[in-house]
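Take the sequence shown: its letter number 51 is residue 51 in the UniProt record's numbering, and every next letter is one higher.
In this text, a Cβ means the ideal position worked out from N, Cα and C, and glycines have one as well.
Being a predicted model, the structure only gives us computed values, none of them experimental.
Report on the following structure.
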Amino acid sequence: MGKKEASSSSKAANAKKQKQQAKAQKKRHKELGRDAEDGAHHVAERRCRPAVWGGGEERMTELLGCTAAPMCKRLMGIKALLSREEWRKAIVQEITQRAGLHALFTRLCDQRATQRDVSVVSVKTEYIESVLSHVDAFRKQLVDYARDVRSLTGTGSSLAEYADMTPAQMRLIEEELSRVRCPSAIEERVARHRQPLRGPSVRERVEGGVVTLADGKRGLI
Numbered sequence: 001m002g003k004k005e006a007s008s009s010s011k012a013a014n015a016k017k018q019k020q021q022a023k024a025q026k027k028r029h030k031e032l033g034r035d036a037e038d039g040a041h042h043v044a045e046r047r048c049r050p051a052v053w054g055g056g057e058e059r060m061t062e063l064l065g066c067t068a069a070p071m072c073k074r075l076m077g078i079k080a081l082l083s084r085e086e087w088r089k090a091i092v093q094e095i096t097q098r099a100g101l102h103a104l105f106t107r108l109c110d111q112r113a114t115q116r117d118v119s120v121v122s123v124k125t126e127y128i129e130s131v132l133s134h135v136d137a138f139r140k141q142l143v144d145y146a147r148d149v150r151s152l153t154g155t156g157s158s159l160a161e162y163a164d165m166t167p168a169q170m171r172l173i174e175e176e177l178s179r180v181r182c183p184s185a186i187e188e189r190v191a192r193h194r195q196p197l198r199g200p201s202v203r204e205r206v207e208g209g210v211v212t213l214a215d216g217k218r219g220l221i
């Protein structure tokens, strides 16, 4: 084979390798985003569980479950998923915009306020904070899982860069989450949901399978 043919063959191999790497990178980005969305969906479906509520919880669960998808669509960006205030706004918006949910929420708050002889505002605030305690657990898991995002995506980007945040903004979130003390019930659920991530089948789905590239090197796809 002449030099010209060898050069062409090398260029073709490099182009193929770059294409495979770009495809793998795109897939890992998609998987990371999907994992975040799945976690957000799970939190959204479970956010009605705080002990503030008695009767009516099943109906609240049903209504809130229906709102999980639209909430996740508004919180698709990693930056928004990491923000407690963005979650607060989204939760309040879902409650106020859905007629059936808003009516039930208002009635349950009125009942609870009467039973406890406190203001309705204080009950609503307590509920939102209880919901956010579940969100805090999710955000903490997301940050812990994606902290070494360079190895997950192969882009060389940090989690802050991937989320389009400055290092200072990310430090504030990490400091905030370091102070989070979730109720024991949430901690137990976090531990249960975290365990499967160590399994090879789940790890392969999230990070991709190992393949041999054209140049003989091993990589994720």
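Annotated three-state conformation of Thr166 is coil, per DSSP. In this structure, Trp87 sits away from Leu159, with a CB-CB distance that is not shorter than 8 Å. Annotation: Ala99 to Gln93 spans about 11 Å, alpha carbon to alpha carbon.
Taking a C-beta distance under 8 Å as the contact criterion, Val135 and Leu82 do not qualify as a contact pair. When secondary structure is reduced to three states using DSSP, Val180 falls in the coil class, being assigned neither helix nor strand.
Annotation for Asp117: no alpha helix (DSSP H) segment contains it, and DSSP assigns it neither H nor E. Per DSSP, reduced to three states, the secondary structure at Gly77 is coil, with no helix or strand assignment. About 6 Å separates the CB atoms of Arg139 and Leu177; that is less than 8 Å, so the two are in contact. Met170 is the residue among Ser184, Arg181, Met170, Val211 whose C-alpha sits nearest the C-alpha of Ala80. Cβ atoms of Ile173 and Ile128 stay farther apart than 8 Å, at about 19 Å. The DSSP-derived three-state label of Arg147 is coil. Between Ala163 and Ile78, the gap from beta carbon to beta carbon is short of 8 Å.
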